[in-house]
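Residue numbers (my numbering), protein chains in the order written: chain A, 1 to 543; chain B, 1 to 543. Step one of this worksheet: look at the structure below.
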């Protein structure tokens, strides 16, 4: 198997792509090496940046250094001792409108120079083209893809199948579906660059999900030209595994300094805002005064450090099961990223597929968008699915305890004392926790991850209250409670839940709603305990 | 003047504290140097970390190396060529309950060793003490403060006045008010450590604002023991200027690795998640296998890089006028920080004081909490304050244009054509933009910063809609419109504003509400233009 998935979170994954020159751990960022201008030489990329795979351009190699690179092979030519991916000249086709080679020549050439991962000469859709033209790029790319698969003669090279369609989501879907049926080792999504430049990250979300939903999920996916740290986590979370970046060097040429959340002109910086080896040594004012060549070299190094570090942080978030938190945090760096993040609520089913049912860490409620995370949806889905098997007639609603789970709380003990006293009561009662993360949690399942492993801010938001109400309605609909007892945490909920329960009472054929106000430490007072016992016994007999 | 403020944002500032050994640029983090254990030697702090001021402990120096440090002076003793601050042993008093010196001895000793910034032997409140004890620490600290000021004999030393009170906010206020009347050069807020450890950042917000509101605002403020990068921006935004950090070394001793958003055990890290010189050279697995001494040294270096980098990033945010965005972003790293951030809505007036009226950059709407930023409050306050001088009778409400300001939009041109045609119409009309950041903006002022310099996500949130309605009510109350014409962007607002205007119509004695639906590109159709012209002319005559 070429691609092995090691860890997952959302649709992101840590994986291993096996090539004849070594393993690439994904998510991976392959720095683009321009063979005509080595801003950072490949052996330095390997030694100082721990880069273990690079991407270069076969078309440029073929046009400018044919003899030498054929003689030496691309690895020795570039002095890089690890996987080398070669792009085909499609980018040049996009920019210049034509290239001085044929699809066949480029396939043969890539085999000849012994590249590890190769792209045939696809026809990028680009942006701003008509639907008709876009469709043609899809068709022609697929035709060339088939041709490439027939033509290729080496078994130890991984071939990439590019997806076209650009802004036309239906074409992306079709392109992915048809390309996905061809036996490529890796698929690639083309043409996001324009949308990235326009901060149209929502379009990127649509493009990636359109492609991924129509591709085999066990194959790695490359997202072309999307190497800025700002959007990497989003792309990984949606299922992209490989990225390339020319920006680290191109931005450096323009004195642009990449930060985790954006790009600034070097001249705008007074303070060092980065810990990388370059920035630890020189401050921005020193760098700007250097000779161009040195300045570009240092800036490129800084830029690459920042990009690679974001890849490492994404890996860390996947391992920790905190990729959603990573996205939620990132989304507060720019309104456009926030827009794209908010869109994820439309892809909950998709994102849930990859989200593990068990994780190391607590889930964090970081804003009302947390309600869209797949774990919440997953819990709500189960809540509707399962009817409580002993068919209890009485539902006791309790607030979240300060320390979870609720079954370790004093209030739970108070309840148990009453409930365990009579078997008929025990059999008639369902206790459920009102949860600011999951809406409602029957106590029997609260120790299953993550139902007691989460942190929420103090207070309650409208969204959390809505979540609780929705979960309540669904749980009540699925079961046949005749009586509901609310142990109300008034400081938290006020009378909101009381009113809500009274409102839904009739249509759910509930005979009684009984409310007990808890004291400030969320205990039942002694008098209320007596009353609760009475109401429970009466309830069991009546219902 | 000892302290000069160079730039401001919120209540944060970039400043310069002049000491006899050089200037300290604030916000500044002073690494704590333990003279008995130099994890990172002071000269290395200066050379490799660009640290220009350090803090050490006078009590430890006095107890352990009296002769040598008196002979050499603290600078030569520590081999540090820049400002040295000395703490007094109050921390030892807090931890061990007693110290082997007197307030007088410690004042004399600090003068003797020629320290630049000195703290007299205050009595820290700590946490978990009774109100009575806490009050005693306040009283005794003030008494010793007075004594110190009488006793001190050198003019070239800056003395620090510590504020006590701990969790008792009224005591913090009193302590600050009375200490603030004594002529110290710097004030210091004590005892936040326990609350920081408990993630009780809301308490920190209360403590700092309680102190700052009672201190002279032109003096620098030190926040003791709060050197973790997670909360630095919040503390700076609330007006703290100086921090100390022993944690960089103490955490290293415990194999704890500081990140911008938290602390993790080194053993939990598989990937490098940092670009600092240490992490660029070694990965966590390599570091964990090293000998203890080397491991602690490297971890301390890493930790310090991360902390100092956050200080630099805070400075950058202040210069860019993006400190609010910095906080909003940070707040999504942990629910406890989000809690503290949400509290800022209670301190809008305070935060507004320091917020410049003009900035370089656009404001970003990053979540519904953005509504609490001082610029929004400031605008709303002015909106209520000022009655439109020409007393227009007709209010035309227009949606935000895609590119701001609105007066450059096609819709504005369409309106002008009609309005300019008749002088009586011109004199009767007020155009105001419905703004997702500021609620409502009269077109006459929309080019004043920041009313056209902001970015919001697509769509409209409940909070934004509420903001618009509130601004509308206040603007309508302040003026005497007889007719309101809404040019409705239906895709954005649906019928929400139509209903709202119809509802408030009677109580505001408005004769007519007229609605025109805009087309998808936010233009008025040709037919509607004719109708608008008629309704305007009729309106002018009627009102």
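Beta carbons are placed, not taken as given, at the ideal position from N, Cα and C, and that holds for glycine.
Checklist entry - Which word fits residue 89 of chain A, buried or exposed, when buried means at least 16 other C-beta atoms lie within 10 angstroms of its C-beta? => result With 16 or more other Cβ atoms within 10 Å, it is buried.
Checklist entry - Assuming residue 511 of chain A contacts residue 482 of chain A under a Cβ cut-off of 8 Å, what Cβ separation, rounded to an integer in Å, is found between them? => result About 5 Å; that satisfies the 8 Å criterion.
Item to check | residue 334 of chain A at chain B interface by Cβ criterion, 8 Å | outcome: It does: the Cβ of residue 334 of chain A has a partner Cβ on chain B nearer than 8 Å.
Checklist entry - DSSP three-state call for residue 524 of chain B: helix, strand or coil? => result Three-state result, residue 524 of chain B: coil.
Next on the checklist: If you follow the beta strand (DSSP E) that residue 257 of chain A is in, where does it begin and where does it stop?
Outcome noted: Per DSSP, the unbroken beta strand (DSSP E) holding residue 257 of chain A starts and ends at 256-259.
Checklist entry - Is the beta carbon of residue 252 of chain B sitting closer than 8 Å to the one on residue 296 of chain B? => result Yes, the Cβ-Cβ distance between residue 252 of chain B and residue 296 of chain B is below 8 Å.
Next on the checklist: Assuming residue 280 of chain B and residue 356 of chain A are in contact, meaning their beta carbons sit under 8 Å apart, how far apart are those beta carbons, in whole angstroms?
Outcome noted: In fact, because the Cβ distance is near 31 Å, the residues do not count as touching under 8 Å.
Item to check | Local conformation of residue 220 of chain B per DSSP, three classes | outcome: It is coil, neither helix nor strand.
Next on the checklist: With H, G and I counted as helix, E and B as strand and the rest as coil, what does DSSP make of residue 294 of chain B?
Outcome noted: Residue state, collapsed to three classes: helix.
Next on the checklist: Between residue 455 of chain A and chain B, is any beta-carbon pair separated by less than 8 Å?
Outcome noted: Closer than 8 Å to some Cβ of chain B, the Cβ of residue 455 of chain A qualifies, so yes.
Checklist entry - How many whole angstroms separate the CB atoms of residue 103 of chain B and residue 149 of chain B, which I take to be in contact at a CB cut-off of 8 Å? => result With 8 Å as the limit, residue 103 of chain B and residue 149 of chain B do not qualify as a contact, their Cβ atoms being about 12 Å apart.
Next on the checklist: Quick check for students: name the residue ranges of the beta strand (DSSP E) that lie wholly in the segment 356-424 of chain A, counting only runs of 3 or more.
Outcome noted: Whole beta strand (DSSP E) segments, 3+ residues: 394-399.
Checklist entry - Does the beta carbon of residue 244 of chain A sit closer than 8 Å to a beta carbon anywhere in chain B? => result No, because no Cβ of chain B sits closer than 8 Å to the Cβ of residue 244 of chain A.
Checklist entry - residue 367 of chain B and residue 405 of chain B: beta carbons closer than 8 Å? => result No, these two residues do not count as a Cβ contact at 8 Å.
Checklist entry - What's the C-alpha gap between residue 204 of chain A and residue 196 of chain A? => result Each residue's CA atom was taken as its position, placing residue 204 of chain A and residue 196 of chain A some 8 Å apart.
Checklist entry - Straight-line CA distance for residue 423 of chain A to residue 379 of chain A? => result The C-alpha of residue 379 of chain A is placed about 30 Å away from the C-alpha of residue 423 of chain A.
Next on the checklist: Going by the DSSP bridge assignment, what does residue 30 of chain B pair with across the sheet?
Outcome noted: Its beta-bridge partners are B:244.
Item to check | Top-ranked residue by Cα proximity to residue 494 of chain B, from B:304, B:465, B:189, B:543 | outcome: If we check each option's Cα against that of residue 494 of chain B, B:465 comes out closest.
Checklist entry - residue 305 of chain B versus chain A: which residues are under 9 Å apart at the beta carbon? => result Going along chain A in sequence order, the residues near residue 305 of chain B (Cβ under 9 Å) are 275, 280.
Checklist entry - What does residue 366 of chain A reach in chain B if we use C-beta pairs closer than 7 Å? => result For the C-beta of residue 366 of chain A, the chain B residues within less than 7 Å are, from N- to C-terminus, 332, 335, 338.
Checklist entry - Taking 8 Å as the CB-CB cut-off, is residue 64 of chain A touching chain B? => result At a cut-off of 8 Å between beta-carbon atoms, residue 64 of chain A makes no contact with chain B.
Item to check | 8 Å Cβ cutoff, residue 52 of chain A in contact with chain B | outcome: The Cβ of residue 52 of chain A sits no closer than 8 Å to any Cβ of chain B.
Checklist entry - Leaving out the 5 sequence neighbours to the left and right, which residues in its chain are closer than 6 Å to residue 118 of chain B when beta-carbon positions are compared? => result Excluding positions up to five away in sequence, the list reads 86, 110, 157, 159.
Checklist entry - Which residues in the same chain as residue 496 of chain B place their Cβ atom closer than 8 Å to its Cβ, once the five residues preceding and following it in sequence are excluded? => result Same-chain partners within the cutoff: 465.
Next on the checklist: Here's a check: name, in chain order, each residue in its chain whose Cβ is nearer than 6 Å to the Cβ of residue 123 of chain B, leaving out the five neighbours to either side.
Outcome noted: Here residue 123 of chain B has 137, 140, 141 as same chain residues with Cβ atoms under 6 Å from its own Cβ, once five neighbours each way along the sequence are excluded.
Item to check | Residues in the segment 185-215 of chain B having any Cβ partner in chain A nearer than 8 Å | outcome: Listed by position, the residues of the segment 185-215 of chain B near chain A (Cβ gap below 8 Å) are 202.
Next on the checklist: So, for residue 331 of chain A: in the same chain, excluding its five sequence neighbours on each side, which residues have a beta-carbon less than 6 Å away from its beta-carbon?
Outcome noted: Excluding positions up to five away in sequence, the list reads 337, 338, 341.
Item to check | Residue range of the alpha helix (DSSP H) that includes residue 73 of chain B | outcome: Here the alpha helix (DSSP H) through residue 73 of chain B covers 58-78.
Checklist entry - If residue 244 of chain A and residue 30 of chain A are in contact, beta carbons under 8 Å, what's the gap, nearest whole angstrom? => result Right, their Cβ atoms sit about 5 Å apart.
Checklist entry - How many Å lie between residue 391 of chain B and residue 351 of chain B at the Cα? => result For residue 391 of chain B and residue 351 of chain B, the distance between alpha carbons rounds to 33 Å.
Item to check | Close beta carbons around residue 164 of chain B, own chain, < 8 Å, minus the five adjacent residues each side | outcome: Take residue 164 of chain B, set aside five residues on each side of it, and the residues of its chain with a beta-carbon closer than 8 Å to its own are 122, 123, 124, 125, 134, 137, 138, 141, 171, 172, 175, 190, 191, in chain order.
Checklist entry - Which stretch, first to last residue, makes up the alpha helix (DSSP H) that contains residue 507 of chain B? => result Bounds of any alpha helix (DSSP H) do not take in residue 507 of chain B, whose DSSP letter is neither H nor E.
Next on the checklist: So that I know if they touch, is there some Cβ in chain B lying closer than 8 Å to that of residue 313 of chain A?
Outcome noted: Interface residue, yes.
Checklist entry - Per the contact definition of three or more C-beta pairs closer than 8 Å, is the segment 253-272 of chain A in contact with the segment 226-236 of chain A? => result Taking 8 Å as the limit for Cβ pairs, the verdict is that the segment 253-272 of chain A does touch the segment 226-236 of chain A.
Item to check | Members of the segment 394-414 of chain A that neighbour chain B once the beta carbon cut-off is set at 8 Å | outcome: Taking 8 Å as the upper bound on Cβ-Cβ separation, chain B lies near no residue of the segment 394-414 of chain A.
Item to check | Residues within the segment 455-484 of chain B neighbouring chain A, beta-carbon criterion of under 7 Å | outcome: Sequence-ordered contacts of the segment 455-484 of chain B with chain A read 455, 456, 457, 458 [C-beta pairs closer than 7 Å].
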